Amino acid sequence: MSDGVGLSVGATRLAAVVVGRTAVTRSPVLTRFAHRAPEVGVPSENPNLTERGLIITDFVDRVGDPVDIVAADGSSHRADGVLADALRALLITLGSGRPPTDPVAVTYPAHWRPAAVDALRNALSAIPEFQRPKAAPVLSDVAAAVKALQDDPGLPTRGVIAVCDFGGTGTSITLVDAANGYAPVAPTVRHTDFSGDLVDQALLTHVIDDLSSAGTIDLTGTSAIGSLSRLRAQCRGAKERLSTSGVTSLVAELPGHRSELRLTRNELDEVIRRPLDEFIVVLQETLDRSGIRGGALAAVATVGGGARIPIVTTALSETFKVPVVTTAQPELSAAIGGGLAAARGTAEDGMTAMAAAPGVAAAAGAATMMAPEVGLAADEMAPQSSTFGALAWSDADDVPDVSPTDPYDYSAPADAGADVVRPQMQFEREPHDPPAAPIPWYRRPAVAMGTGLVVLVAALGAAALYVMRDDTAPTPASTTAPVSTTTAAPPATSAAPPPPAPPPATQAPPPRTRTVYQAPPRQTATAPPPTQEPPPPPPPESPSPPPPTSEPPPPPPPTTQPPLIPTLPYETIPGLPFVPAPIQPPPAP
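Numbering (the working numbering), first residue to last: -10 to 578.
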């Protein structure tokens, strides 16, 4: 059985692969000659570029553009025709001067519009090498990459897989449903802030900063343009070497300066850490918009040259907690998958529109069809073309049989069914998520409600006690010393001597004394007269004083002295009413 040939189209790299044998990559630069066939690539990678010709660049992203490319000589060229000539030159280079006789398939970027895919298909139909022995099918690079990953190392057969294509001008994100023949569940998302070109530019800036800190370099002259271009190419090579080794070096040749620099993988990681984090955020948002949450994501598949960088795989695995699947040569995944599809006869000229995965479409909405493809099997993505209608397999005129297993395919057991796939890796997922961790007792709703109720009752009780204390608060204690007085009337404010005590009829007992506390005088009241020391009580054996011989004096005039408020020599208990001590009445005369 013949081996399949796959051609992949990229904005910064064109690749051709004979499955299991050889591969060729070239830069998308076409040189046309007046007397011989055009050549593809640059002189550093194509030894056949030995003479001057008409150089045309930047044509991959212009495919489908109605405006022609104007070359240096003023001639106009269609971008799709230039790309078809470049693919033909690459096919002849792969066959060492003659096109191979194996079946060929061509892949295009998944983010292309239908007009661009139709323009490429029409341009290929005008080239005989892509029409023998039959027309070369055209399929998206995501469908081809999924086929290559199925072949080696294997993909999960259930769940959603996020296919991330790290290209030279941007990264594409496509979500496919493994249980539905790896059909897309959402349109391809293009993220241009993380690409191989931007990584090369960031590494070049890092190198220039190191050179500037070490010494003075002049980058203002026009002679520095060519030096910077060569240094940028060396930074690209250093990036590729650091993907497999921990340290490398490059030679910096700038005007007035030449030195050898040493770069480590840690420096590369620091350069791309921020744009990589931004890409992970975009991937998470893409999953959220499509309703992919929890255990619905089965794996992340990485293809493209950027998938070689170790920190990319590490960051994706740590963030999404799923396997990250890639091939040994991720930059050739699309070309290998195209060759496998061509060799096994699973890429057909008919179109099959694949619906979004059931259950996922309800959360994500109706998945829009991507760019059209020619020749997709039932297990590939097949968006609808602008010029070809959807064609079910049951409506196809002739469905070719699948070619027998070739030496590069996995062999299935003799007693296995037709749908058996034998990948090297098997991914199994539990039907349910692990049980959630028990809630701590202090975070349970009942505990929180009870605690809040206790706090509320305590606050209400404290407020009630405070209000009652304010209503029944006693008069502040006097700062004057207690005065012991007799039951006699208070002294008059005049200078008259105090009247003597009335004569008792019989021998009276000694007068009883009581202790009162005098309140401090107010600011507006007059000062009271000095307190006289009361006479000591007579001894019980001594007779009482003689009765007075004069009339008792009139009652003293009223004074402005505030009344004496009896107070207690102790603090009252908050919340209890004030109970004054009983005052003993004066003894009867």
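Heads up, the beta-carbon is just placed ideally off N, CA and C, and yes, glycines get one too.
A quick note: this is a predicted structure, and the numbers were derived from the prediction, not measured.
Legend entry - Given Leu100 as reference, the closest of Gly148, Glu242, Leu164 once Cα atoms are compared: Before going on, a small fix: residue 100 reads as His here, not Leu. Sorting Gly148, Glu242, Leu164 by C-alpha distance to the C-alpha of His100 places Leu164 at the top.
Inset, instruction - Run the CB neighbour count on Val152, radius 10 Å, all protein chains shown included, and call it buried at 16 or more, exposed below. - result: Counting other Cβ atoms within 10 Å of its Cβ, Val152 reaches 16 or more and is therefore classed as buried.
Legend entry - Of the residues Gly334, Val29, Asp57, Arg251, the one placed nearest Ala124, counting alpha carbons only: Ranking the options by Cα distance to Ala124, first place goes to Gly334.
Legend entry - Nearest-angstrom Cβ-Cβ length linking Thr237 and Leu252, presumed shorter than 8 Å: Yes, they are in contact, since the Cβ atoms of Thr237 and Leu252 sit about 6 Å apart, within 8 Å.
Legend entry - Residue range of the alpha helix (DSSP H) that includes Thr308: For Thr308, the enclosing alpha helix (DSSP H) begins and ends at 299 to 309.
Inset, instruction - May I have the straight-line CA-CA distance separating Ala324 from Pro17, to the nearest angstrom? - result: Each residue's Cα considered, the two are about 15 Å apart.
Legend entry - For Val(-2), the nearest candidate out of Ala23, Val8, Val49, Arg147 (CA to CA): Among Ala23, Val8, Val49, Arg147, the Cα nearest to that of Val(-2) is on Val49.
Inset, instruction - Look at the alpha carbon of Arg411 and the alpha carbon of Pro88, and state the distance between them as a whole number of angstroms. - result: Interpretation of Arg411 is limited by its pLDDT of 36, a score under 50 that renders its predicted location unreliable; no figure is taken from the coordinates.
Legend entry - Cut-off 7 Å between Cβ atoms - residues of its own chain near Pro264, not counting five sequence neighbours on either side: Asp182, Phe183, Leu187.
Inset, instruction - Measure the C-alpha to C-alpha separation of Pro98 and Thr39 and round it to an integer number of angstroms. - result: Roughly 31 Å between the two C-alpha positions.
Inset, instruction - Please work out which residues of its chain come closer than 8 Å, Cβ to Cβ, to Glu229, disregarding the five sequence neighbours upstream and downstream, and give them in chain order. - result: Same-chain partners within the cutoff: Gly294, Arg297.
Legend entry - Ala115: CB within 8 Å of a non-hydrogen atom of the ligand ADP: Inclusion of the ligand ADP in the displayed structure is not the case, the ligand content being empty and no account of it being possible.
Inset, instruction - Check each candidate in His24, Asp(-8), Ala23, Leu43 and name the one with the smallest Cα separation from Pro31. - result: It should be pointed out that residue 31 corresponds to Val in this sequence rather than to Pro. Checking every option, the nearest Cα to that of Val31 belongs to Leu43.
Inset, instruction - Using the Cα positions of Ala227 and Gly185, report the straight-line distance between them to the nearest angstrom. - result: Straight-line spacing of the CA atoms in Ala227 and Gly185 works out to 12 Å.
Inset, instruction - Figure out for me which residue from Leu272, Gly327, Leu321 has the closest Cα to the Cα of Val301. - result: Selection Leu272, Gly327, Leu321 evaluated against Val301 yields Leu272 as nearest (Cα-Cα).
Legend entry - For Asp154, three-class secondary structure by DSSP: Strand, per DSSP.
Legend entry - Under the three-state DSSP convention, the category His195 falls into: For His195, the secondary structure class from DSSP, reduced to helix, strand or coil, is helix.
Inset, instruction - Report the rounded CA-to-CA distance for Asp47 versus Val93, giving the unit in angstroms. - result: When rounded, the distance between both Cα atoms is 25 Å.
Inset, instruction - Alpha carbon to alpha carbon, how far is Ala23 from Phe268? Give it in angstroms, no decimals. - result: Inter-residue distance for Phe268 and Ala23 is about 45 Å (C-alpha atoms, whole angstroms).
Legend entry - Buried versus exposed call for Asn255 [16 or more other C-beta atoms within 10 Å across all chains shown]: With fewer than 16 Cβ atoms within 10 Å of its Cβ, Asn255 is classed as exposed.
Inset, instruction - Would you kindly check if the distance between the Cβ of Asp69 and the Cβ of Leu128 is under 9 Å? - result: Cβ atoms of Leu128 and Asp69: not closer than 9 Å.
Inset, instruction - Could you check which residue in Asn37, Ala285, Arg67 has the C-alpha nearest to that of Arg51? - result: Here the closest residue by C-alpha is Arg67.
Inset, instruction - For Ala360, count neighbouring C-beta atoms within 10 Å of its own C-beta (all shown protein chains included) and say buried if the count is 16 or more, exposed if not. - result: A caution first: Ala360 carries a pLDDT of 32, below 50, which makes its placement in the model unreliable, though a value can still be read off. Its Cβ being crowded by 16 or more others within 10 Å, Ala360 is buried.
Inset, instruction - Return the CA-CA distance between Leu454 and Val436, expressed in angstroms with no decimal places. - result: Looking at the two C-alpha atoms, the distance is approximately 27 Å.
Inset, instruction - Go to Gly327, then tell me how far its alpha helix (DSSP H) extends in each direction, as first and last residue. - result: Element bounds for Gly327: 322 to 332.
Inset, instruction - Quick one: grab the DSSP three-state call for Val648. - result: Because the chain in this structure spans residues -10 to 578, residue 648 falls outside the shown range and cannot be described.
Legend entry - Where Ala4 falls, given that 16 or more other Cβ within 10 Å makes a residue buried: With 16 or more Cβ atoms within 10 Å of its Cβ, Ala4 is classed as buried.
Inset, instruction - Assuming Leu250 contacts Val196 (C-beta within less than 8 Å), just tell me the rounded distance between them. - result: Sure, about 6 Å apart at Cβ, within 8 Å.
Inset, instruction - Could you check the C-alpha separation between Val131 and Ile45 for me, to the nearest Å? - result: Approximately 27 Å, taken between the alpha carbons.
Inset, instruction - Report the partner residues of Leu252 according to the DSSP bridge assignment. - result: Within the DSSP secondary-structure output, Leu252 pairs in a beta bridge with Thr237.
Legend entry - Contacting residues, own chain, Cβ-Cβ under 8 Å from Ala288 (five flanking each side not counted): Sequence-distant partners of Ala288 (beyond 5 residues in either direction) whose C-beta falls short of 8 Å from its own C-beta, in its chain, are Leu144, Pro145, Gly148, Ile150, Ala151, Val311, Pro312, Val313, Val314, Phe416.
Inset, instruction - Report all residues from its chain with a CB closer than 6 Å to the CB of Val13; omit the five preceding and five following residues, and keep chain order. - result: The answer, listed in chain order, is Ala5, Thr82, Leu83.
Legend entry - 4-residue-minimum alpha helix (DSSP H) runs that sit fully inside the segment 252 to 297, ordered along the chain: Complete alpha helix (DSSP H) runs here, min 4: 254 to 278.
Legend entry - Where the beta strand (DSSP E) containing Arg583 begins and where it ends: As shown, the chain starts at -10 and ends at 578. That puts residue 583 outside it, with no answer to give.
Inset, instruction - Label Ser322 either buried or exposed according to how many other C-beta atoms from any shown protein chain fall within 10 Å of its C-beta, with 16 as the threshold for buried. - result: It is buried - the Cβ of Ser322 has at least 16 other Cβ atoms within 10 Å.
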